[in-house]
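If you want the working numbering, it's the position in the sequence shown, counting the first as 1, plus 451.
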Amino acid sequence: MSFSYTIIGFNESAGAVLVRYKFDGDDVATYNVDIPLDDNNLFITGDVLDKHISGLFPLGVLDRMSKLKKGIANAADIRALVVKPNE
Numbered sequence: 452m453s454f455s456y457t458i459i460g461f462n463e464s465a466g467a468v469l470v471r472y473k474f475d476g477d478d479v480a481t482y483n484v485d486i487p488l489d490d491n492n493l494f495i496t497g498d499v500l501d502k503h504i505s506g507l508f509p510l511g512v513l514d515r516m517s518k519l520k521k522g523i524a525n526a527a528d529i530r531a532l533v534v535k536p537n538e
């Protein structure tokens, strides 16, 4: 199981970065992440920033995604509940 992220944007006035998370090479989510300030009113950086960004992703979602990727035996039961527009 491979989990990574890439910072794809920075909104300096909001103090936030746009982060694309990947799981096993696939994009799984893009989140806006507020970057905390340290005791000197500077943005956190380095390992502290890495832990902050990594720690915000709900890791339980990755286990679910792994299961979904393999297929769910009764997916057709849910598919049958979908009502198409104009019906």
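Even glycine gets a Cβ: it sits at the ideal position worked out from N, Cα and C.
**Request:** Assign I523 to one of three DSSP states: helix, strand, or coil.
**Result:** Residue mapping note: residue 523 aligns to position 72 of the sequence shown, counting from 1. Three-state result, I523: coil.
**Message:** Would the stretch 524–533 count as touching the stretch 461–475 if we require 3 or more Cβ pairs under 8 Å?
**Reply:** No, they do not touch.
**Message:** Applying the 10 Å Cβ sphere with the 16-neighbour rule, what's the burial state of F474?
**Reply:** As a position in the sequence shown, residue 474 is number 23, starting the count at 1. Burial call: buried.
**Bridge partner(s) assigned by DSSP for L469** = Locating residue 469 in the sequence shown gives position 18, where the first residue counts as 1. DSSP output for L469 lists G460, N483 as bridge partner(s).
**Asked** Measuring CA to CA, which of I458, N492, L493 is closest to V484?
**Response** Stepping through the sequence shown from its first residue, residue 484 is reached at position 33. Among I458, N492, L493, the Cα nearest to that of V484 is on I458.
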